[in-house]
Amino acid sequence: MAKNQLHSFQNELSEWYNDVILKAELADYAPVKGCMVIRPYGYAIWEGIQNFMNTLIKEHGVQNAYFPLFIPMHFLNKEKEHVEGFAPELAIVTHGGGEKLPEELAVRPTSETIMYEMYSKWTKSWRDLPVLINQWCNVVRWEKRTYMFLRTSEFLWQEGHCAHLTHQESLDIVLWAMNLYQQTYNQLLGLYGIAGYKSNTEKFAGAGKSITFEMLMPNGKSLQSCTSHDLGQNFSKSFNWTVQDQNGQNVYPWQNSWGLSTRSIGGLIMAHGDDNGLKLPPNIAPIQVVIVPIPGHQDALELAKKIKDTLSLFRVELDLDDTQTAGFKFNKWELKGVPLRIEIGSRDVASNSVVIYRRDTGEKMTVAVAEVATNVQSLLANIQANLFENHKKFTQDHTLKIDNYDQFKQAMDTTRGFLSAHWCEDPECEAAIKTETKATTRCLPLDAKEESGTCVRCGKPSTHRWLFGLSY
RNA sequence: CGGGGAUUGGCGCAAUUGGCUAGCGCGCAUGGUUUGGGACCAUGAGGCUGCAGGUUCGAAUCCUGUAUCCCCGACCA
0 MAKNQLHSFQ
10 NELSEWYNDV
20 ILKAELADYA
30 PVKGCMVIRP
40 YGYAIWEGIQ
50 NFMNTLIKEH
60 GVQNAYFPLF
70 IPMHFLNKEK
80 EHVEGFAPEL
90 AIVTHGGGEK
100 LPEELAVRPT
110 SETIMYEMYS
120 KWTKSWRDLP
130 VLINQWCNVV
140 RWEKRTYMFL
150 RTSEFLWQEG
160 HCAHLTHQES
170 LDIVLWAMNL
180 YQQTYNQLLG
190 LYGIAGYKSN
200 TEKFAGAGKS
210 ITFEMLMPNG
220 KSLQSCTSHD
230 LGQNFSKSFN
240 WTVQDQNGQN
250 VYPWQNSWGL
260 STRSIGGLIM
270 AHGDDNGLKL
280 PPNIAPIQVV
290 IVPIPGHQDA
300 LELAKKIKDT
310 LSLFRVELDL
320 DDTQTAGFKF
330 NKWELKGVPL
340 RIEIGSRDVA
350 SNSVVIYRRD
360 TGEKMTVAVA
370 EVATNVQSLL
380 ANIQANLFEN
390 HKKFTQDHTL
400 KIDNYDQFKQ
410 AMDTTRGFLS
420 AHWCEDPECE
430 AAIKTETKAT
440 TRCLPLDAKE
450 ESGTCVRCGK
460 PSTHRWLFGL
470 SY
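Heads up: the first sequence at position 101 corresponds to 100 in numbering that gives the first Met the number 0, and the numbers run straight through without jumps.
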């Protein structure tokens with residue numbers, strides 16, 4: 000273990016991941032199995048994601064609302080695939096107020112059923128459509144194995160649920176939502192990924208089609224980072240929900256649902272880190288610039304405050320704690336992933352300049368006081384772009400075109416990554432590949448071109464290359 | 001849920017054929033000297049050894065149960 004008490008990013012990613020979450024004070028273990036406490040620094044990241052997404056969600060006319068945590072079991076039972084998919088991971092309330100409940104209540108694993116029950120009450124006419132609602136909430140899925148942020152028994156997310164008169168309108172929202180997620184990942188979190196369709200076995204329980212956004216992590220594992228589902232009319236039919244259309248006919252609305260969770264923070268942590276800790280992209284960093292006056296240099300304080308005033312457009316922390324030495328603080332702020340650090344000591348006061356350090360590259364540069372604000376602005380933009388490009392390059396470098404099964408197996412045994420290979424789309428073949436190599440289908444990329452080939456495993460004809468990988 | 005490992009001041013660890021008042025480092029508090037890449041001195045606070053039972057003259061140590069965490073799988077966002 001290095002001096003900073005972190006395991007090696009390269010060789011012990013799982014341990015590094017836990018170390019950095021605890022030491023950077025993003026989160027802590029809760030005294031409840033599989034649950035975590037999201038600490039203020041980690042929650043600020045979630046709030047950044049919420050703010051970014053809320054703006055785009057509302058611009059599109061989708062409104063936020065809130066539905067109950069508890070779902071009567073008979074609601075879940077209405078959609079067969081849905082309940083079968085979620086039954087194994089439900090937390091169920093059997094007692095309330097000291098008495099056994101007449102009907103058990105599921106703690107929501109997702110809110111389709113309770114929301115659509117209400118939608119059907121609120122809509123009688125085609126004029127009442129579309130329903131465009133999103134909610135930010137917690138959900139519970141009783142997972143067998145948990146990791147902080149990536150898979151906890153309770154997690155935070157947003158779930159958008161819209162209903163439309165036509166399938167096309169609904170599909171437009173499905174794609175719009177995935178585009179929203181891509182913007183969030185690319186622009187806010189500096190993360191690259193591939194959007195595409197899930198296979199039938201991997202899709203959401205109750206969906207017609209599911210679109211996923213898959214990101215590659217440094218250990219070559221693939222992280223399903225959010226999903227957007229075309230629910231067709233499965234739920235409206237299950238709930239016997241109809242509205243009258245323009246012709247007076249009773250029709251079932253077309254629906255979609257889409258969600259992004261606190262798992263995104265897990266991807267953010269892992270994809271950008273290094274042996275010194277986190278590297279937060281400036282757009283999401285709760286602190287974009289930390290100003291560290293060298294402790295003991297009294298003359299630096301005035302300049303430090305002056306610099307802070309010139310940076311009012313940014314999220315700036317002025318670290319006035321003089322009980323720690325400069326080196327200690329440098330390491331602390333690097334661990335916490337602050338993109339830029341400004342060091343100010345007597346030397347700088349004398350030369351009317353400051354030292355700026357950038358977290359992503361480790362470069363230090365001397366900048367004249369008058370030019371700090373413009374430098375900070377361009378450096379932050381540069382860091383944001385650089386982190387995204389790094390992740391994009393990593394992903395592309397680890398995306399392999401695979402044309403025979405031996406190659407496929409060899410890749411899964413070594414570098415992993417995204418394996419782009421032809422597949423016959425037969426679920427049995429998919430299952431066999433998983434058993435034999437651990438790889439699952441990740442997605443059929445939205446932009447995949449038609450290309451005739453043969454299934455990498457069974458040799459049957461195939462029309463597209465799918466992405467395979469090891470699931471996180 | 002299967003396999004492996006762990007749980008001792010806030011954190012990391014030590015303490016066995018069962019035996020003294022459970023130690024050490026870091027951190028923390030107070031005072032002082034320091035401060036440009038993890039400073040130092042002095043003094044001090046902080047433990048019914050995860051929890052519940054049991055065996056024993058005596059348990060951190062042995063037994064039973066249980067909880068939680070980590071790693072590797074199977075299941076999933």
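Every residue, glycine too, gets a C-beta built ideally from N, C-alpha and C.
query	result
Alpha helix (DSSP H) containing residue 348: first to last residue?	345-350
For residue 49, does the three-state DSSP call read helix, strand or coil?	helix
Compare the C-alpha of residue 17 against each of 140, 149, 55 and 105 and name the closest.	149
Please state the DSSP three-state secondary structure of residue 133.	strand
In angstroms with no decimal places, state the Cα-to-Cα distance between residue 0 and residue 7.	For residue 0, the predicted structure reports a pLDDT of 45, less than 50, and the residue's modelled location is therefore unreliable. A value from the coordinates is still provided. Residue 0 and residue 7: Cα-Cα distance of roughly 7 Å.
Using three-state DSSP, classify residue 246 as helix, strand or coil.	coil
Restricting to Cα atoms, I'd like to know which of 275, 394 and 435 is closest to residue 361.	275
Distance check for residue 278 and residue 330, CA to CA, integer angstroms please.	12 Å
Hey, residue 196 and residue 162: beta-carbon distance below 8 Å or not?	no
Residue 389 bridges to which residues according to DSSP?	Per DSSP, none; premise fails for residue 389.
Mind checking who residue 215 pairs with in its DSSP beta bridge?	221
If you follow the alpha helix (DSSP H) that residue 266 is in, where does it begin and where does it stop?	262-271
Is DSSP giving residue 82 helix, strand or coil here?	helix
Kindly indicate the opening and closing residues of the beta strand (DSSP E) around residue 196.	193-196
Specify the secondary structure class of residue 73 as computed by DSSP and reduced to three states.	helix
What is the rounded straight-line gap between the Cα of residue 185 and the Cα of residue 387?	7 Å
So what does DSSP say about residue 354, is it helix, strand or coil?	strand
Just grab the DSSP bridge partners of residue 106 for me.	69 and 90
Check residue 294 in the structure and name its three-state DSSP category.	coil
When you compare the stretch 12-29 with the stretch 133-145, are there three or more beta-carbon pairs, one atom per stretch, that lie closer than 8 Å?	no
Tell me, please, which residues DSSP counts as bridged to residue 465.	420
Give the straight-line distance between the Cα atoms of residue 26 and residue 145, rounded to the nearest whole angstrom.	14 Å
Secondary structure at residue 158, three-state DSSP: helix, strand or coil?	strand
Decide if the stretch 331-341 is in contact with the stretch 393-410; the criterion is three or more beta carbon pairs, one per stretch, under 8 Å apart.	no
Taking 8 Å as the threshold (C-beta atoms), are residue 343 and residue 303 in contact?	yes
Can you say whether residue 412 is buried or exposed, counting buried as having 16 or more other CB atoms within 10 angstroms of its CB?	exposed
I believe residue 183 touches residue 259 by the beta-carbon criterion, under 8 Å. Please report the beta-carbon distance rounded to the nearest angstrom.	7 Å
Just reading off the alpha helix (DSSP H) that residue 401 is part of, what are its end residues?	Note, residue 401: premise wrong, no alpha helix (DSSP H); not H, not E.
In three-state terms, what does DSSP make of residue 331?	helix
What are the residues that DSSP puts in a beta bridge with residue 169?	BP columns for residue 169 are empty, so no partner.
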